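Position in the sequence shown counted from 1, then plus 55, gives you the numbering used here. Have a look at the structure below, then the notes.
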Amino acid sequence: MRAEAQSHVDATRKSLALLRQRMDWDTAEHRLEEFNAMTEDPSLWNDPDKAQKLMRDRQMLVDAMETYRSIERDLNDNIELIELGEMEDDAEVVAEAEAALKALSAKAAQKELEALLDGEADGNDTFLEINSGAGGTESCDWASMLARMYVRWAEKHGYKVELQAESAGEEAGIKSAAYKISGPNAYGWLKSESGVHRLVRISPYDSAARRHTSFSSVWVYPVVDDNIEIEVNPADIRLDTYRSSGAGGQHVNTTDSAVRITHIPTGIVVTSSEKSQHQNRDIAMKALKSRLYQMELDKRNAAINEAHENKGDAGWGNQIRSYVLQPYQMVKDLRTQVETSDTQGVLDGDLDKFMAATLAMDLSGKSRADSQQD
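So this is what it looks like as structure tokens:
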């Protein structure tokens, strides 16, 4: 076997070893049997929230086990193909197997990274908020482009996307939008997107075709589940109802059913503009608890805390990523230095490379910190 192919084999085996360790493979079958027994309990769905969490945890274990077996099976199959091809002097078979090993190594590395999403709330659903910065129509249009980008990313990963609230721009785009994104590790992946995003392009709204720079901020908070207790003093909140000012169509709201909750001690404001006022109160309260929980997470994590303390305005000095469409095409993450010239792919939701690099960077820093403490 050639050295390059052997390096892919070694990398895949290393990833498999980590996957096996993180999953606690020796007890996985037993845990799956326990999950299956619980799902057969007739009283399970008496508590829908608990039942849904159990079903999700079970599916995550099933997916993890199948991923491990699939990678291990493909690895062994391609090693055998290379050996067979070399014995029969079939260069085409060897080349195909080597290409498959390269792709498998990348897949295993990605799954290894996902397995390291073990933060307290990484497995939770998430709220994602987008706010346009200074710059009027340009920034509002940029905010809508970001909203489309994240919806595309979520849909590609099979996540459920729910629009919680939206404020339309005066001429185009949106001033702000809030989404709930549901699926395995939704918060763990999207948390790396919190920060200010900068766009440079020739403005479609400028008759002189000049280049403009626009800013919008993205902030991500985990949905608080039943295992996390967050108490909110009713005396600390102000609840207002108002008529939604969405873009119309399916989001139009003709009654004063939209809800805004202000948490007076922190100044946090959350909104929801579904059709039912009761539903909106519930959604907004969950969003508030998630924001408060995020603040608590920030206190525990110095890196995240620093990012949020420096949140500031959506403008210069607070950016995490630049999207340049003119005079050249480049998207560059300013934290990891990962970049690509495929700007359209990124705007269509191809964000995994940026998220993975930021996660790896955070994990590296975490590992160093753990080593220093030891």
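Backbone N, C-alpha and C fix where the C-beta goes; we use that ideal spot for every residue, glycine too. All of these numbers come straight from a predicted model, not from anything done at the bench.
* Asked: What separation, rounded to the nearest whole angstrom, lies between the Cα atoms of ALA233 and LEU201?
  -> Start at 1 with the first residue of the sequence shown, and residue 233 comes out as number 178. Start at 1 with the first residue of the sequence shown, and residue 201 comes out as number 146. Their Cα atoms are separated by approximately 12 Å.
* **Counterpart residues of VAL325 in DSSP-defined beta bridges** => Locating residue 325 in the sequence shown gives position 270, where the first residue counts as 1. DSSP lists ILE316 as partners of VAL325.
* State the Cα-Cα distance for the pair ASN101 and PHE90, rounded to the nearest angstrom. => For the purposes of this step, residue 101 is taken as the residue at position 46 of the sequence shown. For the purposes of this step, residue 90 is taken as the residue at position 35 of the sequence shown. In a straight line, the C-alpha of ASN101 is about 17 Å away from that of PHE90.
* Asked: Would you say SER271 and SER194 are within 7 Å of each other, going by their C-beta atoms?
  -> Sequence index remark: in the sequence shown, residue 271 carries index 216 (1-based). Sequence index remark: in the sequence shown, residue 194 carries index 139 (1-based). Yes, Cβ-Cβ distance for SER271 and SER194 is below 7 Å.
* Distance between THR317 and LYS344 (C-alpha atoms, nearest Å) -> Within the sequence shown, residue 344 is the residue found at index 289, counting from 1. Within the sequence shown, residue 317 is the residue found at index 262, counting from 1. Cα-Cα distance, rounded: 12 Å.
* Start-to-end residues for the beta strand (DSSP E) that takes in ARG265 -> Position 210 of the sequence shown, counted from the first residue, corresponds to residue 265. It is not in any beta strand (DSSP E) - ARG265 carries neither H nor E in the DSSP assignment.
* Straight-line Cα distance separating LEU139 from ASP132 -> Reading the sequence shown from its first residue, position 77 is the one you call residue 132. Reading the sequence shown from its first residue, position 84 is the one you call residue 139. Using only the alpha carbons, I get a separation of about 10 Å.
* Asked: Between GLU167 and the rest of its own chain, which residues show a CB-CB distance below 7 Å, the 5 nearest in sequence each way excluded?
  -> Along the sequence shown, one-based indexing puts residue 167 at 112. In chain order, SER70, LEU73, LEU74 place their CB closer than 7 Å to the CB of GLU167, counting only its own chain and leaving out the 5 sequence neighbours on each side.
* So which of ARG256, VAL275, HIS252, VAL401 has the shortest CA-CA distance to ARG390? -> Stepping through the sequence shown from its first residue, residue 390 is reached at position 335. Ranking ARG256, VAL275, HIS252, VAL401 by Cα distance to ARG390 puts HIS252 first.
* **Beta carbon of LEU116 nearer than 7 Å to that of MET93** => Position 61 of the sequence shown, counted from the start, is the residue given in the question as residue 116. Position 38 of the sequence shown, counted from the start, is the residue given in the question as residue 93. No, these two residues do not count as a Cβ contact at 7 Å.
* Range covered by the beta strand (DSSP E) that runs through VAL216 -> Working through the sequence shown from its first residue, we reach residue 216 at position 161. That run of the beta strand (DSSP E) goes 215 to 223.
* **THR296 classed as buried or exposed, judged by whether at least 16 other C-beta atoms fall within 10 angstroms** => For the purposes of this step, residue 296 is identified with residue 241 of the sequence shown, where counting begins at 1. The residue in question, THR296, is exposed, as its Cβ has fewer than 16 Cβ neighbours within 10 Å.
* To do: Answer with buried or exposed for THR321, where buried requires no fewer than 16 other C-beta atoms within 10 angstroms of its C-beta.
  => For the purposes of this step, residue 321 is taken as residue 266 along the sequence shown, with counting starting at 1. The residue is exposed, with fewer than 16 neighbouring Cβ atoms inside 10 Å.
* For HIS252, which of helix, strand or coil comes out of DSSP? -> Mapped onto the sequence shown, residue 252 falls at position 197. The answer is strand: DSSP assigns HIS252 an E or B state.
* To do: Express the C-alpha separation of ARG77 and SER237 in angstroms, rounding to a whole number.
  => Position 182 of the sequence shown holds residue 237. Position 22 of the sequence shown holds residue 77. Cα to Cα, the separation comes out at about 23 Å.
* Asked: Just to confirm, are ALA241 and ASP145 a CB contact at a threshold of 7 Å?
  -> Along the sequence shown, read from residue 1 onward, the residue named residue 241 stands at position 186. Along the sequence shown, read from residue 1 onward, the residue named residue 145 stands at position 90. Against a cut-off of 7 Å, the Cβ pair of ASP145 and ALA241 comes out as no contact.
* To do: Could you work out which residue in GLN399, VAL325, HIS333, PRO103 is closest to ARG256 when comparing CA atoms only?
  => Within the sequence shown, residue 256 is the residue found at index 201, counting from 1. Ranking GLN399, VAL325, HIS333, PRO103 by Cα distance to ARG256 puts GLN399 first.
* Expressed to the nearest angstrom, what Euclidean distance is found between the alpha-carbon atoms of GLU143 and SER125? -> Reading the sequence shown from its first residue, position 88 is the one you call residue 143. Reading the sequence shown from its first residue, position 70 is the one you call residue 125. SER125 has its alpha-carbon roughly 27 Å from the corresponding atom of GLU143.
* Can you tell me whether TYR205 is buried or exposed, with buried defined as 16 or more other CB within 10 angstroms of its CB? -> Here residue 205 refers to the residue found at position 150 when the sequence shown is read from its first residue. It is buried - the Cβ of TYR205 has at least 16 other Cβ atoms within 10 Å.
* Asked: Looking at C-alpha atoms only, which residue of PRO103, PRO239, ASP65 is the closest neighbour of GLU169?
  -> Here residue 169 refers to the residue found at position 114 of the sequence shown. Ranking the options by Cα distance to GLU169, first place goes to PRO239.
* Could you check what DSSP says for TYR383 in three-state terms: helix, strand or coil? => The count along the sequence shown starts at 1 and reaches residue 383 at position 328. Three-state result, TYR383: coil.
* Does DSSP put ASP177 in a helix, in a strand, or in coil? -> Taking the sequence shown and counting its residues from 1, the one referred to as residue 177 is at position 122. The answer is coil: DSSP assigns ASP177 none of H, G, I, E or B.
* Which whole-angstrom value describes the C-beta separation of GLY243 and LEU172, a residue pair presumed to lie in contact below a C-beta threshold of 8 Å? -> One-based indexing of the sequence shown puts residue 243 at position 188. One-based indexing of the sequence shown puts residue 172 at position 117. About 4 Å separates the two Cβ atoms, so the contact holds.
* Measure the alpha-carbon distance for ASP112 versus GLU210 and round it to whole angstroms. => On the sequence shown, position 57 is the one that residue 112 refers to. On the sequence shown, position 155 is the one that residue 210 refers to. Rounded to whole angstroms, ASP112 to GLU210 spans 21 Å at the Cα level.
* To do: Identify, in the order they occur along the chain, each residue of the same chain with its Cβ nearer than 6 Å to the Cβ of TYR123, setting aside the five sequence neighbours on each side.
  => Residue 123 sits at position 68 when you count from the first residue of the sequence shown. When the five nearest sequence neighbours on each side are left out, the beta carbons in the same chain lying within less than 6 Å of the beta carbon of TYR123 are those of LEU74, in order along the chain.
* If we count the other Cβ atoms within 10 Å of its Cβ and call it buried at 16 or more, is ASN335 buried or exposed? -> As a first step, residue 335 is located in the sequence shown; it is residue number 280 there, counting from the start. The residue is buried, with at least 16 neighbouring Cβ atoms inside 10 Å.
* How would you call HIS63, buried or exposed, if buried means at least 16 neighbouring beta carbons within 10 angstroms? -> Counting from 1 along the sequence shown, the entry for residue 63 is found at position 8. Flag for HIS63 reads buried.
* To do: Determine the DSSP secondary structure at LEU402, reduced to helix, strand or coil.
  => Position 347 of the sequence shown, counted from the first residue, corresponds to residue 402. Three-state result, LEU402: helix.
* Could you spell out where the beta strand (DSSP E) holding ASP65 opens and where it closes? => Taking the sequence shown and counting its residues from 1, one reaches residue 65 at position 10. Looking at the DSSP string, ASP65 is not in any beta strand (DSSP E); the run it does join, the alpha helix (DSSP H), is 58 to 78.
* Flag this pair as yes or no: are the beta carbons of SER269 and TRP208 separated by less than 7 Å? => Translated into positions along the sequence shown, residue 269 becomes position 214. Translated into positions along the sequence shown, residue 208 becomes position 153. No, they are not a contact pair.
* Leaving out five residues before and five after ARG68 in sequence, what residues of the same chain have Cβ atoms less than 8 Å from its Cβ? -> In the sequence shown, counting from the first residue as 1, residue 68 sits at position 13. For ARG68, where only same-chain residues beyond five positions count, the Cβ hits under 8 Å are LEU130.
* Asked: Hey, LYS235 and GLU217 are a contact pair by Cβ (cut 8 Å); roughly how many whole angstroms apart?
  -> The sequence position of residue 235 within the sequence shown is 180, counting from 1. The sequence position of residue 217 within the sequence shown is 162, counting from 1. Right, their Cβ atoms sit about 4 Å apart.
* Excluding the five sequence neighbours on either side, which residues of its own chain have a C-beta within less than 8 Å of the C-beta of ARG57, listed in chain order? -> If you number the sequence shown from 1, residue 57 lands on position 2. The answer, listed in chain order, is GLU153.
* To do: Might you give, ordered along the chain, the residues of its own chain that have their beta carbon closer than 7 Å to the beta carbon of PRO277, omitting 5 neighbours on each side?
  => As a first step, residue 277 is located in the sequence shown; it is residue number 222 there, counting from the start. ALA176, ASN179, THR181, TYR242, SER345, TYR348, GLN349.
* Asked: Measuring CA to CA, which of ASP403, VAL379, ALA412 is closest to SER31?
  -> The chain is shown only over 56 to 429; residue 31 falls outside these bounds and no answer can be derived.
* **Where the beta strand (DSSP E) through THR296 begins and ends** => Within the sequence shown, numbered from 1, the residue matching residue 296 stands at position 241. 292 to 297 is the extent of the beta strand (DSSP E) around THR296.
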